[in-house]
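Asks: Residue numbers (the numbering used here), protein chains in the order written: chain A, 12 to 302; chain B, 452 to 695; chain C, 1294 to 1611.
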Amino acid sequence: MDISWDLLINAIVAGLLLGGFYAAVTAGISISFGMLDIVNIAHPAFVILGSYIAYYVNINLGIDPILVSIIVLPAFYALGALVYQVYYVSFERRGQESLRGLAFFFGLLFVTEVTLILVFGVDYRYVDAAYIGPSLHFGMVEVPLRMLVPCVTALALFAALELFVGRTFIGRAIKAVSQDQLALQLMAADPIAIKRIAFGLSIATASIAGALLIVIQPVEPSVGRDYIGRVFAICVLGGLGSMPGALIAAFLVGVVESLTSTFYGPSWAPAVSFGFLLLTLAFRPAGLMGR
Amino acid sequence: MSPLLHVDNLSKRFYGFVALDGINLEVQPGERLGLIGPNGSGKSTLVNCICGTLQNEAGSVHFDGKTLDGLAAHERTHRGLARSFQLPRPFHSMTLAHNLRIPLLYTVRAREGMLHAHSDLEARCHELLQMVGLADKAKRLPRDLTQVEMRKLELARAMAAEPKLLIADESMAGLSHSEVDDILALLLRLNEHGITVILIEHIMSAVMRFSQRLAVLVSGKKVADGKPEDVVRNPDVVRAYLGQ
Amino acid sequence: MNTTTFSLSAAAVGLALLVFAHWLGVDYLYFAGYTILQFIVLATAWNILGGYCGYVNFGSAAFFAIGAYSSVFWYKFYPLPVPVLIVFGAIVSGIIGLGTGYLTLRLRGAFFSIATLAMAVVFQTLVVNWDYVGGSRGAYIIRPETVEFAGLEVHYIEYLFALMLALAVIALITARTIERSQLGYGLATIRDDEMAAEACGVPTLRLKLIATTLSGAFMGMAGAPFPYYIGYLQPQSAFGLEYAVNSIAMPMIGGTTTWLGPLIGSILLGSAQQYATVTISSAVNLLIVGLMLVAFVIIAPNGLIGLVQERRRARKQP
């Protein structure tokens, strides 16, 4: 078969870069769904919110979008803590997480998307930064900086989170609360406070992921919905609660999506993650590195 | 006489942790077996594996001469296995009477293939509630019950499935002396009617009075199995309960 | 009130409404009424799986659109009468519902919900790429001005209104029948405690699959006449946001435990939205629906009917 090697290798490279970015978006879900067992389907909405905030400040004040996202991290963290508090008081405490909790997050997703439509309209928005445009060239491989920078940032974020969860007291408490709440209580740590911190953290990652997203591609309010399937597919494929697993899964999905896009057309990309999700659930629900 | 329940080398792990390690257990028809063991020894896990709520990794379970492997929990209930849950799991949107109607509709009716009249079902539910002393609360919701009453409802619901083998998982926790006597009398009466009973309890006086045979689980292994008076004098059992 | 009496009463009410509407003869009412009736069907369908069984379907728009696009397919291939299209839409959407359920219902409810969300995106992708049904350019459906119905010559919209009215009545009768049947009790046990349901002998997977198939089928039925109603079908309108949120908001605001909840929710929210779309913008209108959903889920999880029931119970037990 006459494959264009040029096209193939570039597709794989693009896929890996994309995968790194997907890992950043999934990191938040890895915490909220993987460790806290909260099905926060509104996570992509927070990511898009991050994109729009980065866009707004970038367009009006000229600050680099990734920098903006880091500056607003505390605000996103607080938002996450607030959302968890409402979720806990209304649903978790009453033991009614399933139907009501899902409807709650769906409502948040929906309200966020419609609010963004009202404020910003449905036109695509994009940001302006030094690294959007130029590419590095390694022989026949082209590495666009607007994909490289997010990928590197994403991996840095991921590494930071892994270190946090593995090395700090709070991080390990978060890991513990996902496994045994009672034991944690007996250790005089408040599991609710720990979960609130964890959830706040997961939403904080959305801020950064949002900025990375709008660097990679122009954004409009409904883009969030494309990411729901993707993000959960990666989380499940990697194995719930395993962040290294999510990373591997993200690269895998990124590469397959990129190959599909290149050889079959970009409109088939969303179907890839759905396919992954179904296959994983059907054959290996524990995922690649599941507990 | 072939055993009603035959657990053959059953093992269950939760990721790294071995919850059950090669359990062998036989229960004869009409027998009263007591199952005891310290907290966390795997008693409820064993029940879950027998009843199909959990899947065991190794070993098999035979009931009434046929294997249960691969069968869903509801199919095992149809075959005549019933259990109460250690932490009561009532259907909280339904009244007590309606809670009991579920096993009648889904198990008894499936087994008999007959359509009972509405009034028959109601009468049966009332009868069951009376046996556990909850008849006056028939129209209440589970959230109006005390913990103790919920355990009685659990037991009544298991009984409603008209099982050949009933596994009562800590049905007596928190009951007063006279209430324990009542439940014990109830279980004995069921046994007299031919229902095999496995009693899982921490209340030793009840276990000793009830059991014809006693099995002891410690850290996922069966360490003793025999006559109650022999088992309680078994040094391994004493050590497990009192420490070294 | 037994099922036969209720069915006859519901049919009678439907017939009365139809005659009354015909006597009024205002075309706008038919258009507005059709939308509300459509939501009654969608909300009732969603509730069979969501309210009765506890499994949340976020992909209502997909099932609806599948019904709509199967009609477009037949229109291009060999035009069939709308009632036949409705049946076909039911079959296709029902099979898709069964398939999705079979793949995901053995796992946790959350995975089913996520799969339905992803499914909506995927089906939209498939349709956008399928040129035969118009793809992203959309498809035009040319319908006649008038049609012969019950011996009269009526406007086409009145005909569609009558069909949707019949569908709504059938959906409500079906929902109520399920609710009071052994199937309904079984679904409720799955909602309350699936593990205990299995232990009591309830074949949970089978019941869930039945609910998913029925729910999907009714949503497909609601979608089948849509291309004829709207005349020009684009993926954005078929897979539109309002179907996703309304099919959840209407049952949850009305009350999820009975057939009456989705009916009340659809009429209240549907009418309010008809009014709002005309006076405010449609985006603000959707925002309000979303906010109401969140508010009700937090404050009144059993909807309006739940509030009424709580009041009654509080009065009974001083």
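Cβ coordinates follow ideal geometry from the N, Cα and C atoms, glycine included.
Should His1315 of chain C be counted as a contact of the ligand FAD given a C-beta to heavy atom distance under 7 Å?
Replies: The ligand content of the structure shown is nil, which means the ligand FAD is not present either.
Asks: How big is the Cα-Cα spacing for Val1306 of chain C and Phe131 of chain A?
Replies: Distance between the alpha carbons of Val1306 of chain C and Phe131 of chain A is about 46 Å.
Asks: What residue from B:Thr496, B:Leu547 and B:Ala611 has the CA that sits closest to Lys590 of chain B's CA?
Replies: Of the listed residues, the one whose Cα sits closest to Lys590 of chain B is B:Leu547.
Asks: Taking 8 Å as the CB-CB cut-off, is Ile553 of chain B touching chain C?
Replies: So yes, Ile553 of chain B belongs to the interface.
Asks: Glu124 of chain A: buried (16+ other C-beta within 10 angstroms of its C-beta) or exposed?
Replies: Buried, by the Cβ-count rule.
Asks: Quick check on Ala624 of chain B: does DSSP put it in helix, strand or coil?
Replies: Ala624 of chain B: coil per DSSP, three-state reduction.
Asks: For Pro1376 of chain C, write down the residues that DSSP places opposite it in a beta bridge.
Replies: Beta-bridge pairing links Pro1376 of chain C to no other residue.
Asks: Taking only beta-carbon positions, decide if Gly1494 of chain C is within less than 8 Å of chain B.
Replies: Closer than 8 Å to some Cβ of chain B, the Cβ of Gly1494 of chain C qualifies, so yes.
Asks: Taking Glu613 of chain B as the reference, which of C:Leu1396, C:Ala1492, C:Gly1513 and C:Pro1437 has the closest Cα?
Replies: Considering only alpha carbons, the answer is C:Ala1492.
Asks: Provide the residue span of the alpha helix (DSSP H) that contains Glu578 of chain B, from first to last.
Replies: Start and end: His569 to Met582.
Asks: Looking only at C-alpha atoms, which of B:Ser453, B:His549, B:Val498 and B:Pro489 sits nearest to Ala1481 of chain C?
Replies: Taking only the C-alpha atoms, the option nearest Ala1481 of chain C is B:His549.
Asks: Where does Ser146 of chain A land, buried or exposed, given buried means 16+ other C-beta within 10 angstroms?
Replies: Flag for Ser146 of chain A reads exposed.
Asks: Ordered along the chain, which non-local residues of its own chain (more than five positions away) have a Cβ less than 6 Å from that of Ala1569 of chain C?
Replies: Result list for Ala1569 of chain C: Asn1578, in chain order.
Asks: DSSP on Ala1432 of chain C, reduced to helix/strand/coil?
Replies: If DSSP states are grouped into helix, strand and coil, Ala1432 of chain C belongs with the strands.
Asks: Is there a Cβ from chain C that is less than 8 Å from the Cβ of Leu147 of chain A?
Replies: No, no contact with chain C.
Asks: Give the residues of chain C in contact with Thr126 of chain A, contact being defined as C-beta atoms less than 8 Å apart.
Replies: Here the neighbours are Leu1580.
Asks: What residue does the alpha helix (DSSP H) around Thr1570 of chain C start on, and which one ends it?
Replies: That run of the alpha helix (DSSP H) goes Leu1553 to Thr1572.
Asks: Entirely within the stretch 27–88 of chain A and at least 4 residues each: give me those alpha helix (DSSP H) ranges in chain order.
Replies: Counting whole runs of 4 or more residues, the stretch 27–88 of chain A contains the alpha helix (DSSP H) stretches 54–72 and 76–82.
Asks: From which residue to which residue does the beta strand (DSSP E) around Asp472 of chain B run?
Replies: Its beta strand (DSSP E) spans residues Phe468 to Val478.
Asks: Three-state secondary structure (DSSP) at His1315 of chain C?
Replies: Reduced to three states, the DSSP call for His1315 of chain C is helix.
Asks: Suppose you measure from the CA of Gly1408 of chain C to the CA of Leu289 of chain A; what does that come to, to the nearest Å?
Replies: The displayed chain sequence assigns Ala, not Gly, to residue 1408 of chain C. Roughly 8 Å between the two C-alpha positions.
Asks: On a CA-only basis, which of A:Ala140, A:Trp16, A:Asn51 and A:Pro281 is nearest Ile70 of chain A? Give me that one, please.
Replies: Among A:Ala140, A:Trp16, A:Asn51 and A:Pro281, the Cα nearest to that of Ile70 of chain A is on A:Ala140.
Asks: Please list the terminal residues of the continuous alpha helix (DSSP H) segment that includes Thr528 of chain B.
Replies: Note, Thr528 of chain B: alpha helix (DSSP H), Ala524 to Arg530.
Asks: Would you tell me roughly how many angstroms separate the C-alpha atoms of Gly1382 of chain C and Gly1390 of chain C, rounded to the nearest one?
Replies: Cα to Cα, the separation comes out at about 12 Å.
Asks: Just checking, does the stretch 89–98 of chain A make contact with the stretch 1325–1337 of chain C on the three C-beta pairs under 8 Å criterion?
Replies: Output reads no: the stretch 1325–1337 of chain C does not touch the stretch 89–98 of chain A.
Asks: Can you check whether the C-beta of Ala561 of chain B is within less than 8 Å of a C-beta belonging to chain C?
Replies: Judged by the 8 Å Cβ criterion, Ala561 of chain B is in contact with chain C.
Asks: Here's the rule: buried if 16 or more other CB atoms are within 10 angstroms of the residue's CB, otherwise exposed. What is Tyr1478 of chain C?
Replies: Under this definition Tyr1478 of chain C is a buried residue.
Asks: Taking the beta carbon of Arg574 of chain B as the centre, do at least 16 other beta carbons fall within 10 Å, making it buried, or is it exposed?
Replies: Looking at the sequence itself, residue 574 of chain B is Ala, so the reference to Arg does not match. Label assigned to Ala574 of chain B: exposed.
Asks: Three or more C-beta pairs under 8 Å: does that hold for the stretch 1511–1527 of chain C against the stretch 85–95 of chain A?
Replies: The answer is no - the stretch 85–95 of chain A does not touch the stretch 1511–1527 of chain C, with fewer than three Cβ pairs under 8 Å.
Asks: Which residues in the same chain have their Cβ closer than 7 Å to the Cβ of Glu1487 of chain C, if we skip the five residues on either side of it in sequence?
Replies: Answer for Glu1487 of chain C: Thr1497, listed in chain order.
Asks: Counting only C-beta atoms, is Ala1468 of chain C closer than 8 Å to chain B at any point?
Replies: Chain B, which has no Cβ nearer than 8 Å to the Cβ of Ala1468 of chain C, makes this no.
Asks: DSSP state of Arg1604 of chain C, grouped into three classes?
Replies: Three-state result, Arg1604 of chain C: helix.
Asks: Could you tell me the alpha carbon to alpha carbon distance between Thr504 of chain B and Gly531 of chain B, rounded to whole angstroms?
Replies: Taking the straight line joining both Cα atoms gives about 15 Å.
Asks: Would Ser15 of chain A and Leu224 of chain A qualify as a contact pair, given that the criterion is a beta-carbon distance under 8 Å?
Replies: Result no, Cβ atoms of Ser15 of chain A and Leu224 of chain A do not sit closer than 8 Å.
Asks: Of all the options C:Pro1376, C:Ile1341, C:Asn1350 and C:Ala1531, which has the alpha carbon lying nearest to the alpha carbon of Ser1474 of chain C?
Replies: Of the listed residues, the one whose Cα sits closest to Ser1474 of chain C is C:Ile1341.
Asks: Output yes if chain C places a C-beta closer than 8 Å to the C-beta of Pro296 of chain A; else output no.
Replies: It does: the Cβ of Pro296 of chain A has a partner Cβ on chain C nearer than 8 Å.
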